[in-house]
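Taking our numbering, the leading residue of the sequence shown gets -17, the next gets one more, and so forth. So the structure is just underneath, and the comments pick up after that.
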Amino acid sequence: MKITIGSDHGAFELKESVKKVLATYEDIEVKDVGTYDTTSVDYPDIAEKVCDDVVSGAADKGIVLCGTGIGISIAANKIKGIRCALCSDVYSARMSREHNDANVLALGGRVTGIGLAEEIVRTWLATEFGGDRHERRVNKIMALENK
Ligand code: RB5
-17 MKITIGSDHG AFELKESVKK VLATYEDIEV KDVGTYDTTS VDYPDIAEKV CDDVVSGAAD
43 KGIVLCGTGI GISIAANKIK GIRCALCSDV YSARMSREHN DANVLALGGR VTGIGLAEEI
103 VRTWLATEFG GDRHERRVNK IMALENK
């Protein structure tokens, strides 16, 4: 599986920690689109880089991070084809895959500690989309992009 990850300065440290978690998976290839230090950057630019890879198929999934996770998840969800879920608990991470088929996970570097973030990421990656009635609802979400 290919994963593109990116954060702004507010979550640089958590991004680096999440990359270490991803490195424990033999079947995951990670592309880091930045930022590469704690110099201030604009999170919509990072969201765009990660989501472009997901939409084009260059990545199977994306992970985006900013200070709260809010700004970068809002930005990600403006991009057609993206279903980005901001998760700060394990249950939501599982449901965002099972019910919403989220293709991008958002985390808040100033909100979620690395221990919890690791559980969130592992759960999110391990959970398959449930399909069935959830597929109908996800299709309705995607139809809203054309309004
Ligand atoms: C940057 O200071 C901060 O606004 C950003 O990381 C994020 O929290 C925005 O939603």
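From the three backbone atoms N, C-alpha and C, an ideal C-beta is built for every residue, glycine too. Since this is a predicted model, take the numbers as computed values, not measurements.
Endpoints, beta strand (DSSP E) assigned at residue i
i: residue -12; result: -16 to -11
i: residue 88; result: 86 to 90
i: residue 11; result: 11 to 14
i: residue 46; result: 43 to 48
Residue i, enclosing alpha helix (DSSP H) - first and last residue
i: residue 35; result: 25 to 38
i: residue 126; result: No alpha helix (DSSP H) holds residue 126; DSSP gives it neither H nor E.
i: residue 67; result: Note, residue 67: premise wrong, no alpha helix (DSSP H); beta strand (DSSP E) at 66 to 68.
i: residue 53; result: 52 to 58
i: residue 97; result: 96 to 108
i: residue -5; result: -6 to 4
Expected contact under 8 Å - CB spacing of residue i and residue j to nearest Å
i: residue 57; j: residue 25; result: 6 Å
i: residue 111; j: residue 83; result: 4 Å
i: residue 16; j: residue 50; result: With 8 Å as the limit, residue 16 and residue 50 do not qualify as a contact, their Cβ atoms being about 19 Å apart.
Distance cut-off 8 Å: residue i Cβ against heavy atoms of the ligand MG
i: residue 107; result: What this structure holds is the ligand RB5, not the ligand MG.
CB contact flag (residue i, residue j, <9 Å)
i: residue -10; j: residue 69; result: no
i: residue 98; j: residue 43; result: no
i: residue 0; j: residue 93; result: no
Item to complete: Anything with a beta carbon under 6 Å from a heavy atom of the ligand RB5 counts; list them all in chain order.
Response: Residues flagged by the Cβ proximity filter: -10, -8, 25, 48, 49, 50, 52, 53.
Worksheet item: Is the segment 26 to 38 touching the segment -15 to -6 in the sense that three or more CB pairs, one from each, lie closer than 8 Å?
Response: By the Cβ rule, the segment -15 to -6 counts as touching the segment 26 to 38, because three or more pairs are nearer than 8 Å.
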